[in-house]
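One structure is given below, encoded as structure tokens.
What follows is the structure, encoded as structure tokens:
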């Protein structure tokens, strides 16, 4: 028994030393962890900034295409058609903004895709049926301008 | 608008929205699932994944919007009302 205890005490490193070694290991681990966390936080921040840039690019491109469509219709068509395309383009922008906000929240705040953006075409169609100043087809065409814009944007990016 | 046209319009509007929302609904669900899994696996690619998700959602949801527009036209601006 005595021999075994002596043997143990010889083989074991001194307790204070092991604690010190563990402390230094823990300190280095925590430093590594904070470094990793900092780098992952930076990567996440960069990714969210990248998405914000995507979002902004789509919205700016859609507004440019809508403005072009309004200008062209102002040259070739009457005021009512131009006004309808303008309202449709603005509602398309609102729809795209709501959709991109919903996609941005997905996985962070909400688990489901938001459906609030679908109210925009509903309100547009109802408004075009109620108000005679708003034509139905130009308004829907103006609303749908976000689709060719996005296709164009993807083609330009690739 | 006679009663048969009204009834047919209401039924058609319901079918347009209901059937038109099935496909995009399934597609959006699977796209969102894939995107969230991708973000969880590779958080640094979140920006690109979300950008692509926004694009695919915009295209999928337009199919629902087509059905919605047809239904609303049938209900509020029916061309067969005569």
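Residue numbers (my numbering), protein chains in the order written: chain E, -16 to 141; chain V, 550 to 631. Beta carbons are placed, not taken as given, at the ideal position from N, Cα and C, and that holds for glycine.
Proximity winner among E:128, E:99, E:30, E:115, relative to residue 63 of chain E (alpha-carbon distances):
E:115
Extent of the continuous alpha helix (DSSP H) run through residue 133 of chain E
129 to 140
Scan the region 594 to 628 of chain V for residues whose Cβ lies nearer than 8 Å to a Cβ of chain E and list them as they occur along the chain.
594, 595, 596, 597, 599, 600, 602, 603, 604, 606, 607, 608, 610, 611, 613, 614, 617, 618, 621, 622, 625, 626
DSSP puts residue 89 of chain E in a beta bridge; with which residues?
E:93
State the DSSP-derived secondary structure class of residue -10 of chain E, mapped to helix, strand or coil.
Note that residue -10 of chain E scores 47 on pLDDT, short of 50, meaning its location in the model is unreliable and no value can be drawn from it.
Please report the residue range of the alpha helix (DSSP H) in which residue 593 of chain V lies.
Per DSSP, residue 593 of chain V belongs to no alpha helix (DSSP H) and is neither H nor E.
Taking 9 Å as the threshold (C-beta atoms), are residue 101 of chain E and residue 588 of chain V in contact?
no
Can you give me the start and stop residues for the alpha helix (DSSP H) that residue 109 of chain E sits inside?
102 to 113
Can you list the residues of chain E that residue 577 of chain V reaches, using a CB-CB cut of under 8 Å?
96
Does residue 37 of chain E pass the burial test, meaning 16 or more other C-beta atoms within 10 Å, or should it be called exposed?
buried
DSSP state of residue 626 of chain V, grouped into three classes?
coil
Strictly under 9 Å for the Cβ-Cβ distance: is residue 83 of chain E near chain V by that measure?
yes
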